[in-house]
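Count along the sequence shown from 1, then add 1324; that gives the number in our numbering.
C-beta: ideal position from N, C-alpha, C; glycine also.
Treat the numbers as computed from the prediction; the structure is a model and nothing was measured.
Worksheet for the structure shown next.
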Amino acid sequence: MNAPKEINTYCPKCQTHKVHAVSLYKAGKRRALAKGERAHELKEKKGYGGQKFPRQRKFAKVTKKQVLRLKCKTCGFMRHKKGIRLKKLSIV
């Protein structure tokens, strides 16, 4: 699916319809010093067992939900638009 580079939509900060720049949401880096991450690393180093959870053998979903990130051109407020299940999303 093709998505436009700019969309005219409602900005909750400006409280009017403004032009928004469209980009694709991408998950950030995981925090290596988070408690769960440290606990997992500690368990892996000990040499007992493998995965934290049982390995998933069958997958129900073939695609991921693509989330659009909208940035207001006037105030710079950023918000996410609900994800659509797509194989490929290109911003044109």
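- With respect to the 9 Å criterion, residue 1415 and residue 1332 are not classified as neighbours on the basis of their beta carbons.
- Each of 1401, 1413, 1378 was checked against the Cα of residue 1339, and the nearest Cα belongs to 1401.
- Ranked by Cα distance from residue 1387, the first of 1379, 1408, 1376 is 1408.
- If you draw a 10 Å sphere on the C-beta of residue 1396, you find 16 or more other C-beta atoms in it, and that means buried.
- With contacts defined as CB atoms closer than 9 Å, residue 1391 and residue 1348 qualify as a contacting pair.
- Per the C-alpha coordinates, the member of 1367, 1413, 1382, 1362 positioned closest to residue 1393 is 1413.
- DSSP, read as helix, strand or coil, puts residue 1366 in helix.
- Between residue 1366 and residue 1379, the alpha-carbon positions lie close to 19 Å from each other.
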